[in-house]
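As they're listed, the protein sequences go chains A, B and C.
Using the working numbering, read the first sequence as starting at 1 and increasing by one per residue.
Using the working numbering, read the second sequence as starting at 1001 and increasing by one per residue.
Using the working numbering, read the third sequence as starting at 2001 and increasing by one per residue.
Here a beta-carbon is modelled for each residue, glycine too, at the ideal position from N, C-alpha and C.
Read through the structure below, which is laid out as structure tokens, and then see the notes.
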Amino acid sequence: MKRSLKEIAEALGARLVGDGSVTVGGVASIAPASPDDLVFVADEKYLAQALQSSAGAVIAGEFAAASSSSKPLLISAHPKLTFARAARWLQEQSSEKMPPKVNSGGVHATAVVSPSARLGAGVVVEARTVVADRVEIGEGTLIAAGAVVGSEVKMGRGCRIYPQVTIYPGTTIGDRVIVHAGAVLGSDGFGYVRDRDGRYEKFPQVGRLVIEDDVEIGANATIDRGALDETRIGRGTKIDNLVHVGHNCHIGEDVVIAAQTGLSGSIVIENGVVLGGQVGIGEHARICEGVMLGGQGGVLPNKVLRGKGVAFWGTPAKPVREYLKQLAALARLGKK
Amino acid sequence: MKRSLKEIAEALGARLVGDGSVTVGGVASIAPASPDDLVFVADEKYLAQALQSSAGAVIAGEFAAASSSSKPLLISAHPKLTFARAARWLQEQSSEKMPPKVNSGGVHATAVVSPSARLGAGVVVEARTVVADRVEIGEGTLIAAGAVVGSEVKMGRGCRIYPQVTIYPGTTIGDRVIVHAGAVLGSDGFGYVRDRDGRYEKFPQVGRLVIEDDVEIGANATIDRGALDETRIGRGTKIDNLVHVGHNCHIGEDVVIAAQTGLSGSIVIENGVVLGGQVGIGEHARICEGVMLGGQGGVLPNKVLRGKGVAFWGTPAKPVREYLKQLAALARLGKK
Amino acid sequence: MKRSLKEIAEALGARLVGDGSVTVGGVASIAPASPDDLVFVADEKYLAQALQSSAGAVIAGEFAAASSSSKPLLISAHPKLTFARAARWLQEQSSEKMPPKVNSGGVHATAVVSPSARLGAGVVVEARTVVADRVEIGEGTLIAAGAVVGSEVKMGRGCRIYPQVTIYPGTTIGDRVIVHAGAVLGSDGFGYVRDRDGRYEKFPQVGRLVIEDDVEIGANATIDRGALDETRIGRGTKIDNLVHVGHNCHIGEDVVIAAQTGLSGSIVIENGVVLGGQVGIGEHARICEGVMLGGQGGVLPNKVLRGKGVAFWGTPAKPVREYLKQLAALARLGKK
């Protein structure tokens, strides 16, 4: 379903320069773009390339407005954001016109849904899923093929639960949460007590997991429930593939955690923190608001990292400038 | 199902101080505890807080016996262990009184169970599982929704196999083994032979995987079968989420391996070893009895780490005192 | 099904020394080998042990030809490769004689296969799989229990898709590709745009994933689709368990990536690269042809590593000799 640039400009609040009757149906990167595609340029140095491409139109910053190209432009203060929104908006326009994949009611014949589960309007439950007792699922949520939703899970509206996800009993999930294939939510934490013979007995893992609105969780990530209390993932936080979050962690809002990072137990990650990939954080550590921690960085148990906008790196993590000095000193030493 | 403190004290061998007719039904941490809950205090400095909480009773060490509180106490030489056991005991009391979720026989109508599989008494096979040919499953074991049990797998009694677990053909699993959602047991190891053209051909991965009694394996962990011989996980060993164990590894008893640690092939981990998170160990290395290795530590191929109770850290791993000296020296150097 | 050494020697192009009428049925390592088994010796120092074993015959290099043992030998310039091929050949001989597990047609009654999916001859679709609309699957491919194949996935001939694998819509897979249990192919990449309020909005993840012929992917690995363009895994590349490959990565041919390694976005890995376990590579980095990078090594964003056959190690990765000098210098410093 193609839309005119005029419509798109209005929907997204961008300024149209050029022929608004041109229509596009999707987004692309510059090189392979077709006349059906929108592309974007955030940096002036790529503008010429975009204008010479086959794209139907270019989303760009104010720097492009004066260009003499005949290609239509959508001018925005934040071209990448406008591009992301255009992609979503175009997709939504298409979906509205398309018949839904599953009839209303939306439960595939091979899904096993408990009679005590309550599904909101427009919920789609695909083939081979299991939805256990007393589950509540909000309006318009998708439970994709093969997912298992444990008893008493509560899930909000507009979520997308991809194939093979497992949600342990009692987990609470907000609105518009996306969980990619194979992720495990609410599993037992890793806690044992050693007895007199040196054998490990399981410490109770009977807490719960709460995931707030607009969280996205990557494929095969694992997030443990609390031991006695709760594990919590704050609103808008984005978690990449194969990340591990241990029991009792409290992760704030708008946190970004890249792939394969691991948080052991009882860690606090405050709002707006950015963790690179393969970061490891020890028990009871706290990463304060706005801290950034580079890939493979390590934080010792009980440690506090502070400093809004301060980048840390290394193991044990230190401010990146300090760490780079150490690396430079070591390099000199290695050459002696 | 609530139980009196008198019953609990007798069941767990704790000494009751105070009113034994008080009843509790579960466990909690101190702050949110209700009068229905048991809490515990292992360190005297938290005793006052526990005594002032709403908890029904407090499990504590001998240090609490002289307290003048009216709150009932269960005195134990190892309060955390007693607390863990109380949690399990209370849960067991409840389960005995509750009807089982599935009828005896216990195979859900949507499970696909081979006619040649043999299931012990009380085995529960949930919805959408697959149990292949000649599988043997011991008494009381749970195969949760969506798990796939390959042909000729032998599994003991009282195991809990959580949703979406895959067990490759021929794997042997002991009694009371817990495997969390999404874990993969017995997959092919990573072994190839390079031919004259530089292409990799698969080396046979036809060995097996043996998991002994009382092992727990975390969500989305992966444990490969032996190439020609076996991979073995010893009794009582606990493996956290997203851990990788390569082919031919032999892991001893009562070993603890934290999340995201990876063992490449043919490694020996002796009894009682503790590996932190994100540790990486090279082929043919040996970690001797009782060694502890800190998070993100790395061990080179063929290396042997020795020393009961000795903590190692860093890559390549060295005794932690030595490593800390190096870190300190480097920090000084970075400041010059 | 046992075969004579004469037949095996002919099939594999090895030189028979001794009694060619001896028959074997499989392969084993030396110690547990039975008279039914072939074993191999690549290094002369293990020859005596192999000759004294119970194995039916020994595959060995030219060095063994002069041995005075009465045990039959298969002499090969590359004994390990000949052994791997013998294992596969013996298995194929057996399979030919055995009835297939599933009837021709090969779709289990509990599989959910879209009427618009096209399955080649001999395709086996096991229990509880989901094969969505317009999927194409080539001749002889196996879709094992519980796998989910999204709409418009194209898959070649002779692939093995193990249980619980998820393949997102639109993914293209070549011939003879092996994907182990729980792996996720074609999931959304990790890309967001921050809005004026500091909230993250999803950048479109609408590209695709292409996996070429003869690739093997380990259990619970995750490989993201391109954001706008494609992610590509080249012919013959082998990827171990729990590896993460981010969006837009281009991995060449005959690359080996060990367990738990993570590639963030838009990385180029050229042909013949070997990455150890737990390696982490930053965005837009390039690892040039034939480079080797040791376990836990880290490469910064935009960095280029060059040098056919050169080994790198450490974070940030440097030539291993240089890195070892730094480690040695640091060790000396720590002792002062």
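What does B:H1244 touch in chain C if you count any residue whose Cβ is under 7 Å from its own?
-> What B:H1244 touches in chain C: N2241, L2242, A2259, Q2260.
Terminal residues of the alpha helix (DSSP H) in which C:Y2046 lies | Premise fails: C:Y2046 is in no alpha helix (DSSP H) and is neither H nor E.
Mind checking if B:K1336 is an interface residue toward chain A, Cβ cutoff 8 Å exclusive?
-> B:K1336 counts as touching chain A.
Where C:P2204 meets chain A, residues with beta-carbon distance less than 7 Å | Listed along chain A are V27, A84, A87, each with a C-beta nearer than 7 Å to that of C:P2204.
What residues in its chain sit with their C-beta under 8 Å from that of A:S29, if we drop five residues either side in the sequence?
-> Correct list, in chain order: V39.
Excluding sequence positions up to five away, which residues of its chain have a Cβ less than 7 Å from the Cβ of A:E201?
-> Correct list, in chain order: Y192, V193, D195.
Start and end residues, beta strand (DSSP E) containing A:Y168 = A:Y168 -> no beta strand (DSSP E), and no H or E assigned at all.
Going by alpha carbons, who is nearest to C:M2001 out of C:Y2168, C:G2252, C:G2189, C:D2036?
-> Taking C:M2001 as reference, the option from C:Y2168, C:G2252, C:G2189, C:D2036 with the minimal CA-CA separation is C:D2036.
Under 8 Å between the Cβ atoms of B:Q1164 and B:D1188?
-> Not closer than 8 Å, so no.
Applying a beta-carbon distance threshold of less than 8 Å, which residues of chain A neighbour B:K1080?
-> What B:K1080 touches in chain A: V193, F203.
Whose CA, out of A:I75, A:V291, A:L47, A:A48, lies closest to the CA of A:G20?
-> Out of A:I75, A:V291, A:L47, A:A48, A:I75 has the C-alpha closest to the C-alpha of A:G20.
Report yes or no: is there a C-beta of chain C within less than 8 Å of the C-beta of A:R128?
-> Judged by the 8 Å Cβ criterion, A:R128 is in contact with chain C.
Any idea what DSSP makes of A:P319, helix, strand or coil?
-> Three-state DSSP puts A:P319 in a strand.
Beta-carbon spacing of B:A1084, B:I1008 below 8 Å | Not a contact, by the Cβ cut-off of 8 Å.
Count the other CB atoms within 10 Å of the CB of B:K1238; is the residue buried (16 or more) or exposed (fewer)?
-> It counts as buried.
Beta carbon of A:S266, beta carbon of B:G1277: below 8 Å?
-> No, the Cβ-Cβ distance between A:S266 and B:G1277 is not below 8 Å.
CB-CB under 6 Å to C:V2279, same chain, minus the five flanking residues each way: which ones, in chain order?
-> For C:V2279, where only same-chain residues beyond five positions count, the Cβ hits under 6 Å are T2261, L2293, G2297.
Residue-chain proximity (B:P1032, chain A), Cβ-Cβ < 8 Å = Yes, B:P1032 lies at the interface with chain A (some Cβ there is under 8 Å from its Cβ).
Check C:L2275 in the structure and name its three-state DSSP category.
-> In this structure, DSSP gives C:L2275 an extended state, which the three-state scheme calls strand.
Segments of 4+ residues assigned as alpha helix (DSSP H) that fall wholly inside the stretch 128-175 of chain A = Not a single unbroken stretch of the alpha helix (DSSP H) spanning 4 or more residues falls wholly within the stretch 128-175 of chain A.
List the DSSP bridge partners of B:S1004.
-> Paired residue(s): B:T1023.
Cβ-based burial, A:G207 [other Cβ within 10 Å; buried from 16] = Around the beta carbon of A:G207, 16 or more other beta carbons lie within 10 angstroms, which makes this residue buried.
Do A:H247 and B:A1259 come within 8 Å of each other at the CB atom, strictly closer than that value?
-> Here B:A1259 is not near A:H247, since their CB atoms are 8 Å or more apart.
Beta-carbon of A:T141 versus every beta-carbon of chain C: anything under 8 Å?
-> Nearest CB-CB separation between A:T141 and chain C: not below the 8 Å threshold.
Quick one: measure Cβ to Cβ for A:S4 and A:V22, integer angstroms, because I've assumed they're closer than 8 Å.
-> About 7 Å; that satisfies the 8 Å criterion.
Checking contacts by CB at 8 Å: is C:L2330 closer than that to chain A?
-> Yes, contact with chain A.
Quick one: which chain B residues come within Cβ less than 9 Å of C:L2275?
-> The premise fails here: C:L2275 is roughly 12 Å from chain B at the closest Cβ pair, so nothing lies under 9 Å.
Close Cβ partners of C:L2242 (< 8 Å) along its chain, the five nearest in sequence each way excluded = Residues of the same chain with a CB within less than 8 Å of the CB of C:L2242, apart from the 5 flanking positions on each side, are G2218, A2219, N2220, A2221, A2259, Q2260 in chain order.
Over the uninterrupted beta strand (DSSP E) stretch that includes B:R1232, give me the two end residues.
-> In the DSSP assignment, B:R1232 falls within the beta strand (DSSP E) that extends over 1230-1233.
Contacts of C:Q2164 in chain B (Cβ-Cβ under 7 Å) = Taking a Cβ-Cβ threshold of 7 Å, the residues of chain B close to C:Q2164 are V1148, Q1164, T1166, in chain order.
Sequence ranges, beta strand (DSSP E) only - wholly within the stretch 1190-1271 of chain B, length at least 3 = Fully enclosed beta strand (DSSP E) runs of 3 or longer: 1192-1194, 1200-1202, 1208-1211, 1222-1224, 1230-1233.
With 16 other CB atoms within 10 Å as the buried threshold, where does A:E92 fall?
-> With fewer than 16 other Cβ atoms inside 10 Å of its own Cβ, A:E92 counts as exposed.
Compare the Cα-Cα distances from A:R232 to each of A:G186, A:G198, A:V273 and report the closest residue.
-> The shortest Cα separation from A:R232 among A:G186, A:G198, A:V273 belongs to A:G186.
Hey, is A:V184's beta-carbon within less than 8 Å of any beta-carbon in chain B?
-> Closer than 8 Å: yes.
Residues of the stretch 225-239 of chain A with a CB closer than 7 Å to any CB of chain B: list them in chain order, please.
-> Residues of the stretch 225-239 of chain A with a C-beta less than 7 Å from any C-beta of chain B: L228, D229, listed in chain order.
For A:N271 and B:I1143, the rounded distance between their alpha carbons | C-alpha separation (whole angstroms): 39 Å.
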